[in-house]
Amino acid sequence: MTKHSSSPSGNRAVFSTRFAAVATTVGSAVGLGNIWRFPYEAGVHGGGAFLICYLAFVMLIGVPVLCAEFCMGRATRSNIVGAYSRLKAGKPGLFAGLLGVVSSLLILSFYSVVAGWTVEYSLASLTGALDFSAADPMGHDRFAVLTGGWRSTLWTLLFLGCNFAIMLGGVTKGIERMSNVLMPVLFLLLILFCVNSFTLSGWRQGVAFIFSPDFSKVNPSMLLGAMGQAFFSLSLGLGGMMTYASYFSKTTRLARTAVTTAVLDSAVAILAGVIIFPAVFTFNLSPEAGPTLVFEVLPYVFSQLPAGRMWATLFFILLFLASLTSTVSMSEIAIAYFSEERRMSRRKATLTCALIAGAGALLCALSFGPAAGFKVCGMTMFNLFDYVASNISLPLGGFICSVFVGWKLRSPFLNRYLQPVTPLTRAYTGYLGFCMRWVCPTAIFLIFLNSIGIL
Ligand code: PHE
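If you want our numbering, it's the position in the sequence shown, counting the first as 1, plus 3.
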């Protein structure tokens, strides 16, 4: 990005090139959501059927809401609360805006815990503390040994500190540049590990688990989970993409950027699934292990590779960087709000967000240590934050956004900012408008009703 200003009327930052805009957007989308959250949610909800529902939600809800957010960001060049207020969205807009800011801080809280695990695993792989020698029967404990007690908390807070130091130092540009180079490397590594999956004895079962849908597994909680995953993975519903689009230059093509983001993001999630599930079945683990699944399974994957320790170190460092490009975008939502709407200096806004997220992260991290027994609605703080943000707040934010853009601003707004020129792009814009008006609100509404047992 170039140029910064905390004033809404001043010169806002602009991404220097079209590639930088796309790469940063993909950088926000691709992260732990794909590699950690997707396999665990798919595992809990039965595999193939979850994947199909998730992909359907990406196409029918994800891409249209992404475009709606992009258009609002470009039209107002503002943070989420400012964007709704400039477009005269009234109270629902204010609600959606504040919900987005709160959600971003909630997500940052639990996301930092998992990102902290990536730091722990990188170091443990490097120093040899993570044992890749064989699939030993103690394997199940590797995760607990590494992250148990206060260790998880320490790494969480360190990660968060690192994230906010970057925001404070204004070096996000450097992080983005680095990730533009390193993310393709992560992608290649994932492909390599995928190929390795086919050498495992349980590959048939693993691949069948993730690709052959068993539709008897479709139920309200699975649909809610798949929808939440689509929102989470595409960084949607909380104004992250809106804030980023407000930094796009005029030449960035919004509709195309949305499709590129969705395709790359889904591809990474599918690759992660193909890496994890064959190993799950080969080593007799449970696909339903929940949030710790990937961190329990990956050491087994690396144990199969020649020079496993080196691959593991490289992989976890890249995963750490991928998390950082996502947390940078999450933090920007709240920082842009505090600095532009509450008129704080960027420094004060950053520190405020750091304090709030730090408190939340502490609660989430302790869920894996001393506060594991503390539950609300049957969920630890970590699970609760994840559930509320991903399955409720983000889809609700997406609902308001799509209704507002689809029904209040309507086609002229979309045509103006999506600039369809050929018959094909005009048809595509028509499809997006249709989804925003009908498909997204109806689907989100029905899934909400369904999951609370009304339907
Ligand atoms: N999409 C990111 C991921 O998949 C997470 C994220 C959510 C980032 C919301 C920004 C906002 O890891």
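Don't be surprised by glycine CBs; every beta carbon is placed ideally from N, CA and C.
All values reported here derive from a predicted model rather than from experimental measurement.
Counted within 10 angstroms of its Cβ, other Cβ atoms place residue i as buried (16 or more) or exposed
i: T445; result: exposed
i: P140; result: Low confidence applies to P140: its pLDDT is 44, below 50, so where it sits in the model is not reliable, and the reading given next is rough at best. Classification for P140: exposed.
i: C380; result: exposed
i: A26; result: buried
i: G172; result: exposed
i: A275; result: buried
i: S306; result: buried
i: F201; result: exposed
i: G177; result: exposed
i: S454; result: buried
i: V424; result: exposed
i: R413; result: exposed
i: F402; result: buried
i: P309; result: exposed
i: L301; result: buried
i: L452; result: exposed
i: L203; result: buried
i: G50; result: buried
Nearest-angstrom beta carbon gap, residue j and residue i [assumed within contact, 8 Å]
i: F298; j: W120; result: 6 Å
i: S115; j: A364; result: 5 Å
i: V61; j: S269; result: 6 Å
i: T188; j: I38; result: The identity of residue 188 in the sequence shown is Val, whereas the question assumes Thr. In fact, because the Cβ distance is near 14 Å, the residues do not count as touching under 8 Å.
i: G400; j: G103; result: 5 Å
i: P67; j: C367; result: Going by Cβ atoms, the distance from P67 to C367 rounds to 31 Å, so no, they are not a contact pair.
i: Y420; j: A23; result: So it is not a contact: roughly 20 Å between Cβ atoms.
i: A86; j: M245; result: 6 Å
i: V29; j: L267; result: 5 Å
i: N82; j: E344; result: 7 Å
i: M170; j: T353; result: 5 Å
i: G228; j: N394; result: 7 Å
i: S88; j: G96; result: 6 Å
i: T432; j: L417; result: 6 Å
i: W153; j: E123; result: That belief does not hold up - the Cβ atoms of W153 and E123 are roughly 12 Å apart, past 8 Å.
i: F73; j: A248; result: 4 Å
CA nearest to the CA of residue i, picked from the options
i: A360; options: Q307, F388, R21, G51; result: F388
i: G436; options: P42, G50, L69, F22; result: L69
i: V117; options: T150, F98, D134, A132; result: T150
i: M313; options: L133, K91, I55; result: L133
i: L397; options: M230, N418, C367; result: M230
i: L288; options: G205, A275, A211; result: G205
i: G100; options: T353, F448, K176, G243; result: G243
i: L324; options: T175, M245, I457, G456; result: T175
i: E335; options: V84, T156, A71, T264; result: V84
i: I278; options: L296, Y420, V266; result: L296
i: P216; options: G409, I403, L54; result: L54
i: V105; options: F167, K220, Y340; result: Y340
i: E44; options: Y390, Y247, F196, L63; result: Y390
i: T264; options: A233, L301, A362, E291; result: A233
i: P223; options: E291, A52, K411; result: A52
Can you check the region 170 to 205 for any beta strand (DSSP E) of at least 3 residues that lies completely inside it and give the ranges in chain order?
none
Report yes or no: do three or more beta-carbon pairs, one from the region 346 to 354 and one from the region 255 to 275, lie closer than 8 Å?
no
Any alpha helix (DSSP H) of 4 or more consecutive residues that is wholly inside the region 36 to 119:
41 to 47, 51 to 60, 66 to 79, 83 to 89
Sufficient close CB pairs (3 or more, under 8 Å) joining the region 238 to 256 to the region 29 to 43
yes
Can you confirm whether the region 122 to 129 touches the region 313 to 330 when touching is taken to mean that 3 or more C-beta pairs between the two stretches lie within less than 8 Å?
yes
Using 8 Å as the cut-off, can you tell me whether the region 363 to 377 makes contact with the region 199 to 218, which would need three or more C-beta pairs spanning the two stretches below that distance?
no
Just list the alpha helix (DSSP H) runs in the region 240 to 286, keeping only unbroken ones of 4 residues or longer that don't cross its boundaries, in chain order.
243 to 248, 257 to 285
Cβ contact check for the region 271 to 285 and the region 90 to 97: 3 or more pairs under 8 Å
no
Touch check for the region 50 to 59 and the region 318 to 332: three-plus C-beta pairs under 8 Å?
The region 50 to 59 vs the region 318 to 332: no contact.
Counting only runs that start and end within the region 344 to 371, where is the alpha helix (DSSP H) found for 4 or more residues in a row?
Entirely contained in the region 344 to 371, the alpha helix (DSSP H) runs reaching 4 residues are, in chain order, 349 to 369.
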